[in-house]
């Protein structure tokens with residue numbers, strides 16, 4: 001007969017406080033490895049040395065795979081394995097402190113106790129997580145403030161825009177909300193690795209390197225019916241536009257609710273944000289990183305090639321591309337496989353760009369290895385190195401003849417203003433110097449050569465590469481686009497094309513200009529405008545040509561990324577062509593949040609959101625979406641009546657905060673003319 005269930009007291013509050021797991025709202029014990037937790041259970045006879053505890057996890061627990069541990073009461077905590085130390089006894093109950101090893105497998109465990117020869121009695125289940133507060137753990141992070149930010153903080157800021165114009169938006173990671181922990185555990189059990197060999201997969205779950213790689217594959221839907229389906233087409237029917245999400249919770253809940261069907265749709269920051277949620281939830285310190293002018297080097301030659309036709313249209317030729325920005329993750333753990341200098345921040349990327357080992361996964365690549373050009377070190381260092389270092393080649397392509405000629409090459413274009421959120425503050429921190437030596441310095445070029453050499457690119461002839469002669473040719477004129485006035489959706493776009501004659505004789509230049517709306521990946525979507533001019537520049541002369549693109553001209557064509565690429569291709573008589581281009585990101589109009597009164601735990605407080613329609617036509621289909629961990633449950637969606645030209649709308653709603661401390665409220669406003677106007681506000685909740 002099955003033994004009767006003893007009533008177990010898991011001391012949830014005290015254990016959670018000791019283990020930094022108080023933010024989880026769970027009836028189940030959640031603790032971190034390498035640290036003791038207390039439990040009390042009924043025992044009629046005095047606990048003697050015969051009490052044996054059994055902790056087991058995974059589908060077929062065994063001692064060989066470290067998924068099963070049996071241990072008896074000892075006087076001290078074991079250095080190696082699991083241990084149980086007697087705390088106190090009464091006539092009918094026993095209190096025990098149980099400790100797991102620093103390298104224990106993480107996940108859900110069943111705990112049983114056996115006395116003498118009787119059959120084991122189940123005490124219940126608990127979940128074991130990584131422990132960045134413990135010096136023996138692979139994810140140990142010495143700074144408490146960093147543990148707070150990279151494990152316990154549920155709010156983040158993701159940087160976007162472009163290198164000339166960096167903007168940030170809030171994100172609700174929500175790793176401690178509702179059922180997220182259980183969803184994260186089921187993500188692990190749905191990976192290809194688990195499906196192919198569950199016993200081996202679970203036995204590797206002590207290793208943050210292994211889990212980081214597996215989860216980078218599972219967050220995208222490619223290969224494994226993972227969490228988020230990517231879409232970079234500019235058309236998002238049948239799902240949500242990637243720029244409309246404000247947090248990971250809704251995405252993870254939707255994935256579970258649909259019976260684990262991929263959620264539509266994501267782009268890079270969505271993959272990175274969801275991976276941040278999952279890894280922070282499991283206890284691996286993680287942050288999002290934004291790289292501006294990010295290279296996607298598809299063919300592994302540390303070079304990205306861009307092609308333009310004679311009219312200045314950006315052609316979609318070849319698989320290489322340069323994105324205005326790309327977002328990936330860094331997670332903090334040791335690299336026992338590479339050696340101590342490669343420990344610390346590791347790059348993981350869940351955006352499905354290139355296959356690695358046959359599936360869409362990327363990392364962990366040691367950030368130190370990337371900076372030093374050690375591209376032969378695991379995992380996926382060449383791809384990450386190219387994202388921040390590739391050389392850029394701009395070609396003129398003639399579709400009639402199939403001939404391409406190099407316009408110019410640039411080695412300082414890629415990997416700019418690499419950004420992440422500051423610890424404990426809502427500010428941007430630049431981490432470019434952690435990824436590479438200063439652009440243009442001798443050291444940086446040496447590292448680039450070292451990487452090329454390790455990849456075998458220095459020694460083999462590349463027929464697609466430009467000749468040294470082509471690279472070194474000097475143009476007769478230089479040009480640039482300058483922004484004149486504000487860059488705001490709803491306003492006309494004013495630019496200046498500045499051309500300068502670098503020679504001491506006059507030059508005649510024919511200029512073909514285009515403006516296209518693009519995605520943030522610079523993929524051209526709709527042509528907005530084109531024009532051509534012919535100019536004569538006297539020796540050393542500089543001239544400015546104003547360009548105006550009116551709001552009605554671009555309004556219909558603009559993508560929700562609000563990006564426009566302006567290009568001028570200059571044909572100089574008897575000279576080489578000159579390409580002038582600029583990627584412009586327009587700002588949305590502002591939206592304002594006001595908290596009306598003091599925010600207190602379990603007390604209603606009113607919030608007002610104010611938006612003024614900045615254009616001279618009515619806007620319709622207005623929707624306001626609000627979320628924020630510990631401020632409201634789930635997502636509040638409010639429909640707002642249409643707004644006439646210049647009309648101001650004020651929307652009020654109530655919140656009931658559930659926990660004290662600095663919390664963040666996130667707002668997303670959309671209508672037919674403006675997509676996803678985002679803002680956030682810090683709300684200090686008091687008891």
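Residue numbers (full-length UniProt numbering): 1 to 687.
Cβ atoms here follow ideal geometry from the backbone N, Cα and C, with glycine treated the same way.
The structure presented is a predicted model; accordingly, all values stated were derived computationally and were not measured.
Assignment of beta-bridge partners to residue 617 by DSSP yields no partner. Per the coordinates, the alpha-carbon of residue 134 lies some 15 Å from the alpha-carbon of residue 15.
Note that the C-beta distance between residue 272 and residue 329 is below 9 Å. Rounded to the nearest whole angstrom, the C-alpha separation of residue 569 and residue 578 is 6 Å.
Pairing residue 68 with residue 54 gives a Cβ-Cβ distance under 9 Å. Annotation for residue 654: 604 and 606 place their beta carbon closer than 6 Å to its own, counting only its chain and skipping 5 residues before and after. Between residue 294 and residue 414, the C-beta spacing is below 9 Å. Using a 10 angstroms sphere on the CB of residue 466, the tally of other CB atoms reaches 16 or more, which defines it as buried. Note that the C-beta distance between residue 573 and residue 511 is not below 9 Å. In this structure, DSSP gives residue 141 a state outside helix and strand, which the three-state scheme calls coil. Contiguous beta strand (DSSP E) elements confined to the region 372-451 occur at 391-398, 403-410, 416-421 and 428-430, taking only those with 3 or more residues. Your pair residue 171 and residue 286 does not check out as a contact, with CB atoms roughly 13 Å apart and the cut at 8 Å. For the pair residue 220 and residue 360, the CB atoms are nearer than the 9 Å cut-off. In the displayed model, residue 245 falls within coil according to three-state DSSP, outside both helix and strand. About 12 Å separates the CB atoms of residue 610 and residue 643; that is not less than 8 Å, and the two are not in contact. Between residue 471 and residue 501, the C-beta gap is not smaller than 9 Å, which leaves the two residues out of contact. Annotation: the continuous beta strand (DSSP E) that includes residue 72 extends over 68-74.
Residue 95 places its beta carbon less than 9 Å from that of residue 38. Secondary structure of residue 552 (DSSP, three-state): helix. In the structure shown, residue 341 adopts helical secondary structure according to DSSP, grouped into three states. Burial is judged here by how many other beta carbons sit within 10 angstroms of a residue's own beta carbon; residue 100 has at least 16 and is buried. Distance from the CA of residue 589 to the CA of residue 489, rounded to the nearest whole angstrom, comes to 7 Å.
By the neighbour-count criterion, in which a residue is buried when 16 or more other Cβ atoms sit within 10 angstroms of its Cβ, residue 430 is exposed.
Straight-line spacing of the CA atoms in residue 385 and residue 375 works out to 7 Å. Every unbroken stretch of the beta strand (DSSP E) spanning 3 or more residues and falling wholly within the region 494-544 is given here in chain order: 507-518 and 524-537.
If you look at residue 160, you'll find it in the beta strand (DSSP E) that goes 155-162. In the three-state reduction of the DSSP assignment, residue 571 falls in the strand class. Residue ranges of uninterrupted alpha helix (DSSP H) with 4 or more members, entirely inside the region 468-496 and ordered along the chain, are 468-472.
Residue state for residue 177 is assigned as coil, using DSSP reduced to three classes. Residue 671 sits in coil when the DSSP states are folded into three classes, being neither helix nor strand.
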